[in-house]
Structure formats: C-alpha cells, structure tokens
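Residue numbers (this note's numbering): 4 to 311. All C-beta atoms, glycine included, are put in the ideal place defined by N, C-alpha and C.
Now the structure itself:
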C-alpha cells in the first residue's frame, strides 16, 4: 500500500539523518573529554527541609532545587540522560556523565520553574513534562513560552531583562541582563536569554543561567542577594568565551553582585567543551584564594542552607 511505502521511506530517512548527525557530532567532539559515567555520592533530601529558611541543592548542570520559606523552585530543569534534538528513537546531543543527584521521581512538587533561555541543555522538554503541573508558575525568556505551553500550566510569563513580576506563589522574580544568546535552533533568532533575581521575604538569590563576562551583573547588587549562582564551564576553546565566562570571570562577576555566597553551576555534568572536567572548579577555587569558604556546593547533590 502507498501509505506503508511512505512510512517506510520516512523511517529510513529519519534513520539516515540521525546516523549522519550522530557521526558528525562524534567527529566534532572527538578531542573533548570522554569521562566514565558516575553517580553522585550524596543526594539532597527535601523531605527533611523546613518551610522556613533558604535551601539550595545542586542537582547537576544548571538545575538547582531551591526552597524559599516553603516554596519549591527549579531552575533550568534537566534530568534526562541526553539532551539535544529529539527524533524518533534517538536524541542527538551530549550525554550526561554524572547522574542527577535527585531523581525526577523523588523531586518534590514545585510551585515555580525558571527557564533562563531555550538552549537544549537548559530547556529539556522530557524533564519539563514531569515537573510542570497545571498550577506550576513558569517564568521564561522572550519568545520561548511556546516550548512549555504544551504542558498546560495555567500561568506562563515571558520577561525581558529589567522586568519584575510578583507571582501567586509568593516569589518575586526580576529578569536580569546577561551576555549569551538564546536561539534553540538557528532560525529562532528572536528568542531571549537572561538571569533571574529570585526574592521571597528576606531571601534573595541571583541565578545567572548562562553568561559570558559582562559588567551588567553588577546591577544585581541593588537586590542584595545572599547567594549568586554563576556558570563556570564550557569556555574552551577561547572562541566559546563570547558566550561563556571563565572561572576567574565568574568569580569577578560574583564579587560585583555583592553576594556573600557563590554556587558554581554549568560544569561537570555534560561535556560541552574541551577543558578538563575538573578544571573549572579548580580554577574557581584558585581565583577565590583565601575567600574560597564563600564557595558552596562543590559536589553534585550537596545542599546549602541559610536560616534567619
């Protein structure tokens, strides 16, 4: 039958395109690190967290589970084993080499999801399908809300840098300017990118998402964050530094925000660049020198806590 022939041809085309794309990807990353897979030695236990205070757990990459006085927040949720372009039976893109420190099944129900930009390693649709519920509030960048509306949350908000929104969950979110790019695909030229200042009661946290070195983060200091979450990986080769800061630049930007504590993110989870996997954190610790005690969550699964 004609329809069967069409189906067979489509399946074969998808298989050929998938195989070619995979081979091209492997060739392009042949001189990047190829680490063995591992599981974090510690895991957060949000069931034991209080409803008063600030809790932040590093799940991996740019995914943080935050509890601010009882409100659960996820940043750039990525729990999948591989991120990238999804075609039937395969995902073409980097595979994580460290398991999520908390399984998606053990993740508590979240009231707020923050998406910094639409790149595959920050907006992972299979993960969002699990963590977004009807009453979840979602804050995302310009021209990216369509990616999450398919999961039918009642409240999705697109912000641009400088805008602030007071959410029903009791959290105030301000979009902040960073230096990066936002296109999910080459033709998505108008998709935005940003960091967020997250505030509830006396707590204030700056989540930078992804950024190269920029003086714009100094504007965050006006919100008096106790914690700044800054990316430190994916800077090699040097041409990558137009979109990703070095660890030394991350430390410099952290100081500009006037926060007391720095949580490094966007490293040692996916291989996205050439630098050795342990290099970003080691360079950050050297940059901090005698202030390295201000760096929190150096291992997957650790939890940082502040109380009144």
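>> Just to confirm my understanding: we take residue 183, look at its own chain, exclude 5 residues before and 5 after, and list those with CB closer than 6 Å. What are they?
In response: 196, 213, 214, 246
> Taking residue 44 as the reference, which of 301, 310, 308 has the closest Cα?
Replying inline: 301
> Could you check where the alpha helix (DSSP H) with residue 152 kicks off and where it finishes?
Replying inline: 149 to 152
>> Looking at the strands, I want to know which residues DSSP matches up with residue 169.
In response: 175
> Within the chosen definition, does the region 167 to 182 reach the region 103 to 110 through at least 3 CB pairs nearer than 8 Å?
Replying inline: no
> Looking at the unbroken beta strand (DSSP E) that takes in residue 3, where does it start and where does it end?
Replying inline: With the chain represented from 4 up to 311, any question about residue 3 goes unanswered, as that position is not in the structure.
> Nearest-angstrom Cα distance between residue 65 and residue 204?
Replying inline: 24 Å
>> Taking the straight line between their C-alpha atoms, what separation do you get for residue 70 and residue 308?
In response: 10 Å
> Which one or two residues does DSSP pair with residue 116 in a beta bridge?
Replying inline: 77, 141
> In whole angstroms, what separates the C-alpha of residue 50 from that of residue 227?
Replying inline: 29 Å
>> Within the continuous alpha helix (DSSP H) that includes residue 253, where are the two ends?
In response: 250 to 260
>> Suppose you measure from the CA of residue 136 to the CA of residue 293; what does that come to, to the nearest Å?
In response: 44 Å
>> Going residue by residue through the region 269 to 310, where are the continuous beta strand (DSSP E) segments of at least 3 residues, counting only ones entirely within it?
In response: 306 to 309
> What first and last residue would you give for the alpha helix (DSSP H) that runs through residue 131?
Replying inline: 128 to 134
> CA-CA distance, residue 40 and residue 112?
Replying inline: 28 Å
>> Once DSSP output is grouped into helix, strand and coil, what is the label at residue 226?
In response: helix
> Is it buried or exposed for residue 252, if we count other Cβ within 10 angstroms and need 16 for buried?
Replying inline: buried
> What's the C-alpha gap between residue 305 and residue 61?
Replying inline: 6 Å
> Whose C-beta lies closer than 6 Å to the C-beta of residue 160 among residues of the same chain, with five residues either side of it excluded?
Replying inline: 142, 168
>> Taking 8 Å as the cut-off, does the region 83 to 103 touch the region 225 to 242 (at least 3 CB pairs, one atom from each stretch)?
In response: no
>> Alpha carbons only, please: which of 216, 217, 218, 224 is nearest the one belonging to residue 208?
In response: 224
>> In this structure, how does DSSP classify residue 17 when only helix, strand and coil are distinguished?
In response: Legend: pLDDT at residue 17 = 45, less than 50; position of this residue unreliable, value from coordinates given subsequently. In the structure shown, residue 17 sits in a helix (DSSP, three-state: H, G or I).
> So residue 231 packs on residue 257, CB below 8 Å; how close in whole Å?
Replying inline: 5 Å
> Should residue 75 be labelled buried (16 or more other beta-carbon atoms within 10 Å of its own) or exposed?
Replying inline: buried
> Cα separation between residue 55 and residue 109?
Replying inline: 21 Å
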